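Inspection log for the structure reproduced underneath, given as structure tokens.
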Amino acid sequence: MLGSWALTYLKRMIDIVPCHRRPDRCFHVNGKPLPICARCMSMLLGFFFVPVLFILPFVIPWWIGVGAQVPMLIDGFTQKFGWRESTNGLRLFTGLISGFGLSVFVVFYSTWLVHLFAMK
Numbered sequence: 001m002l003g004s005w006a007l008t009y010l011k012r013m014i015d016i017v018p019c020h021r022r023p024d025r026c027f028h029v030n031g032k033p034l035p036i037c038a039r040c041m042s043m044l045l046g047f048f049f050v051p052v053l054f055i056l057p058f059v060i061p062w063w064i065g066v067g068a069q070v071p072m073l074i075d076g077f078t079q080k081f082g083w084r085e086s087t088n089g090l091r092l093f094t095g096l097i098s099g100f101g102l103s104v105f106v107v108f109y110s111t112w113l114v115h116l117f118a119m120k
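Take the sequence shown: its letters are residues 1 to 120, numbered as in my numbering.
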């Protein structure tokens, strides 16, 4: 009973991820593609950096988060324009970097908001 509910909940959570879900760009387990592509999956995995970044004794500047988006943008656009074909390994790598960068944004601006509202 609980397993069925958990799987339904997980499917709904995955369905809200804006992803093209092309099987050729997904990792496969036992011959079946995972429900989201390699890049989106690794971006989501990159959000696991958020708690790690919150416990650091310093805040990483927001511009590091911007810079972390560049490899994924280069990979995505060079593939989109047909200049080359990316691989799932490269998508995994650039997605993780992007997820880390997005985590930097979350932590930086969360910390900034806390300091902003703490000042009276």
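Note that beta-carbon positions come from the ideal geometry of N, C-alpha and C, so glycine has one too.
What you are looking at is a predicted structure, and each value in this text was computed from that prediction instead of being measured.
In angstroms with no decimal places, state the Cα-to-Cα distance between Ile64 and Trp5.
-> 39 Å
Quick one: give me the first and last residue of the alpha helix (DSSP H) that Asn88 is part of.
-> 88-118
Let me know if Phe81 comes out buried or exposed under the rule of 16 or more other beta-carbons within 10 Å of its beta-carbon.
-> By the neighbour-count rule (16 or more Cβ atoms within 10 Å), Phe81 is not buried but exposed.
Through-space distance from Ala118 to Ser79, alpha-carbon basis = Residue 79 is actually Gln in this sequence, not Ser. About 45 Å.
Contact check, Arg22 vs Arg91, beta carbons under 8 Å | no
Is Thr94 buried or exposed, if buried means 16 or more other CB atoms sit within 10 Å of its CB?
-> Here Thr94 is buried: its Cβ has 16 or more other Cβ atoms, across all protein chains shown, within 10 Å.
Report back the beta-carbon spacing between Lys68 and Ile97 to the nearest angstrom; my notes put them in contact at under 8 Å.
-> A small correction: the amino acid at residue 68 is Ala; Lys does not occupy that position in the sequence shown. Right, the Cβ-Cβ distance comes to about 5 Å (below 8 Å), so this counts as a contact.
Which one of Ile55, Gly99, Leu53, Asn30 has the shortest CA to CA distance from Gly46?
-> When Ile55, Gly99, Leu53, Asn30 are compared, the shortest CA-CA separation from Gly46 is found for Gly99.
Look at the Cβ atom of Val50, then the Cβ atom of Val106, and state whether they are nearer than 8 Å.
-> In this structure, Val106 lies closer than 8 Å to Val50 by Cβ.
So the alpha helix (DSSP H) Ala38 belongs to, where does it begin and stop?
-> Looking at the DSSP string, the run of the alpha helix (DSSP H) that includes Ala38 is 38-46.
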